[in-house]
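Structure first, commentary second.
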Amino acid sequence: MMSIYRPIDITGQPMPDELPIEDRPEVTWIPIERLVIDDRYQRPLLEANWEIIHKIARSFTWKRFSPVMVAPIESDLFALIDGQHRTHAAALVGHTAVPGAINHLDPAAQAAAFAGINGEMTRVHPIQVFKAALAAGEAWAVECQQVVAAAGCHLMTVQASSEKRQVRQVYAVSAIRQMVEAGHGKAVTLALTALSRSTFGSQFVEAWTNETLKPLIAAVIATPKVRLGTLIPFIDHLDLARINGDVARLRMQPGYSQRSQMALLTETLTAMLQRWHREGGIPS
Numbered sequence: 001m002m003s004i005y006r007p008i009d010i011t012g013q014p015m016p017d018e019l020p021i022e023d024r025p026e027v028t029w030i031p032i033e034r035l036v037i038d039d040r041y042q043r044p045l046l047e048a049n050w051e052i053i054h055k056i057a058r059s060f061t062w063k064r065f066s067p068v069m070v071a072p073i074e075s076d077l078f079a080l081i082d083g084q085h086r087t088h089a090a091a092l093v094g095h096t097a098v099p100g101a102i103n104h105l106d107p108a109a110q111a112a113a114f115a116g117i118n119g120e121m122t123r124v125h126p127i128q129v130f131k132a133a134l135a136a137g138e139a140w141a142v143e144c145q146q147v148v149a150a151a152g153c154h155l156m157t158v159q160a161s162s163e164k165r166q167v168r169q170v171y172a173v174s175a176i177r178q179m180v181e182a183g184h185g186k187a188v189t190l191a192l193t194a195l196s197r198s199t200f201g202s203q204f205v206e207a208w209t210n211e212t213l214k215p216l217i218a219a220v221i222a223t224p225k226v227r228l229g230t231l232i233p234f235i236d237h238l239d240l241a242r243i244n245g246d247v248a249r250l251r252m253q254p255g256y257s258q259r260s261q262m263a264l265l266t267e268t269l270t271a272m273l274q275r276w277h278r279e280g281g282i283p284s
C-alpha cells in the first residue's frame, strides 16, 4: 500500500542563496465577524465576483477550503489578505469562522503579500495586481504610475465597464508595464500626452481602449525621433475605423491569416507614423 506514496525529497536540489528569517504564522479558526477588507489593495466585489462567491457557496465544502491569510490590525480585527471570495461564501452558507494563517504584516507588506499570492499563483486581473503592488510601493508599479501621470493620465487601479470609462483613463496595465520595464517610459509618456491633447483623445473614450493604446504606443516606440508637435496631428488624421477594416481584410489574404489583428494594426500604424514623420504626409 505504501508504494503508491512518495515522501518529500529534496536530495540534490540547491538551496536558495538567502533563506528568509521569519516567524511561523499562527494557524487557527478566525471569527468571520473579525475579518475586514483593506480596499487599498483588495479587489472590490463586483457582479462577476459575486457570481464566483455564489458558485462556491452552492457547492461549499471544507474539503476544498484552503486556509485564508490574514494580518492583525487595530481593534482586535484582522485584514483579510487572501480568501475574500471563499470567506464570503462560508458566511453565505451560515459558517461563523474560517481556518486561517495569521501573519504579522504592516499594510505595505500585506499589499505585497496579496500581489505575490494573486500575481504569481492565481489568475487575477493585472489591474488588481497593479493596485496591490502600488499600495506596497513596489518599484515597477510606482514607475508605471509616474510614467502615465506625467502625461496627465491615470493608470487605473479599479476595473470599470465600458459605459463608465472616461478619457485619459488607462486600463492597459500589462502593456504599460511591459513597455516601461523594457525602458520605453519616455515614449509611453509622449504617446499618451499626444493622445490626450489630440481632438480624438480628448473627446472620445474609444481612443483609450487597449486596442488603440497598444499599437499606437508601439508605433511611437518604433519611431524614436518623433516629437509631440508631429504626433498630435498624426493622431487626429487617423481614421482608425477604416484602418481596422483594411487590416481585417488583409488578414483574409494568403500569408496573413495567422497574424493577429493587433500585430498587423501595430505594423500598419508604425509604417504610417514613420512615413508621416519622414515626409509630413497625411496618413493614407
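Residue numbering for the sequence shown follows this note's numbering, beginning at 1 and increasing consecutively.
Heads up, the beta-carbon is just placed ideally off N, CA and C, and yes, glycines get one too.
Does the distance from the CB of H95 to the CB of I52 come in under 7 Å?
Along the sequence shown, read from residue 1 onward, the residue named residue 95 stands at position 95. Along the sequence shown, read from residue 1 onward, the residue named residue 52 stands at position 52. Contact: no.
Can you tell me the Cα-Cα spacing of P44 and Q274, whole angstroms?
On the sequence shown, residue 44 is found 44 positions in, with the first residue counted as 1. On the sequence shown, residue 274 is found 274 positions in, with the first residue counted as 1. Straight through space, the alpha carbons of Q274 and P44 are spaced by roughly 42 Å.
Buried or exposed: where does R177 fall if 16 or more other Cβ atoms within 10 Å of its Cβ makes it buried?
Position 177 of the sequence shown, counted from the start, is the residue given in the question as residue 177. Taking every protein chain shown into account, the CB of R177 has 16 or more other CB atoms within 10 angstroms, so this residue is buried.
Residue range of the beta strand (DSSP E) that includes L80
The residue labelled residue 80 in the question sits at position 80 within the sequence shown. Per DSSP, L80 belongs to the beta strand (DSSP E) from F78 to D82.
Label T122 either buried or exposed according to how many other C-beta atoms from any shown protein chain fall within 10 Å of its C-beta, with 16 as the threshold for buried.
In the sequence shown, counting from the first residue as 1, residue 122 sits at position 122. Reliability fails at T122, whose pLDDT of 49 lies under 50, so the model's placement of it is uncertain and the value that follows must be treated cautiously. Classification of T122: exposed, given that the 10 Å Cβ count is below 16.
Using the beta-carbon count (16 or more within 10 Å), is Y5 buried or exposed?
In the sequence shown, the residue the question calls residue 5 occupies position 5. Taking all protein chains shown into account, Y5 has fewer than 16 neighbouring C-beta atoms within 10 Å of its C-beta and is therefore exposed.
Taking C-beta to C-beta, are A151 and T189 nearer than 7 Å?
In the sequence shown, the residue the question calls residue 151 occupies position 151. In the sequence shown, the residue the question calls residue 189 occupies position 189. In contact: A151 and T189 (Cβ atoms closer than 7 Å).
Shortest alpha-carbon distance to D246 belongs to which of I235, L269 and Q258?
Reading the sequence shown from its first residue, position 246 is the one you call residue 246. Of the candidates I235, L269 and Q258, the residue whose Cα lies closest to the Cα of D246 is L269.
Just mark L46 as buried or exposed, buried being the case when its beta carbon has 16 or more other beta carbons within 10 Å.
The residue given as residue 46 occupies position 46 in the sequence shown. Classified as exposed, L46 has fewer than 16 neighbouring CB atoms from the shown chains inside 10 Å of its CB.
So, is P16 buried or exposed, given that buried needs 16 or more other C-beta atoms within 10 angstroms?
What you label residue 16 is simply residue 16 of the sequence shown in a count that begins at 1. With fewer than 16 neighbouring CB atoms inside 10 Å of its own CB, P16 falls in the exposed class.
Same chain only: Cβ atoms within 8 Å of Q145, ignoring 5 sequence neighbours per side
Residue 145 sits at position 145 when you count from the first residue of the sequence shown. Contacts found: L134 and L155.
Should A71 and Q110 be called a contact, given that it needs their Cβ atoms to be closer than 7 Å?
In the sequence shown, residue 71 corresponds to position 71, counting from 1. In the sequence shown, residue 110 corresponds to position 110, counting from 1. Yes.
Could you work out which residue in H88, D38, F130 and V93 is closest to L77 when comparing CA atoms only?
Position 77 of the sequence shown, counting from 1, holds the residue named residue 77. With distances taken between Cα atoms, L77 lies closest to D38.
Over the uninterrupted alpha helix (DSSP H) stretch that includes M262, give me the two end residues.
Walking along the sequence shown from the start, residue 262 turns up at place 262. It spans Q261 to E279 - the alpha helix (DSSP H) in which M262 sits, taken as one unbroken run.
Identify the continuous alpha helix (DSSP H) that holds I179 and give its terminal residues.
To locate residue 179, count along the sequence shown from 1; it is residue 179. The sequence as given places Met at residue 179; Ile does not occur at that position. For M179, the enclosing alpha helix (DSSP H) covers residues V173 to E181.
First and last residue of the beta strand (DSSP E) that includes E26?
Here residue 26 corresponds to residue number 26 of the sequence shown, with the count starting at 1. It spans E26 to P31 - the beta strand (DSSP E) in which E26 sits, taken as one unbroken run.
Pick from V180, E74, G100 and F60: whose alpha carbon is nearest that of V93?
Locating residue 93 in the sequence shown gives position 93, counting from the first residue. Out of V180, E74, G100 and F60, the CA that lies nearest to the CA of V93 is found in F60.
Starting from the C-beta of N103, find all residues in its chain whose C-beta is less than 8 Å away, skip the five residues before and the five after it, and write them out in chain order.
Here residue 103 is taken as the residue at index 103 of the sequence shown, counted from 1. Only P25, M69, V70, A71, I81 and A113 meet the Cβ criterion.
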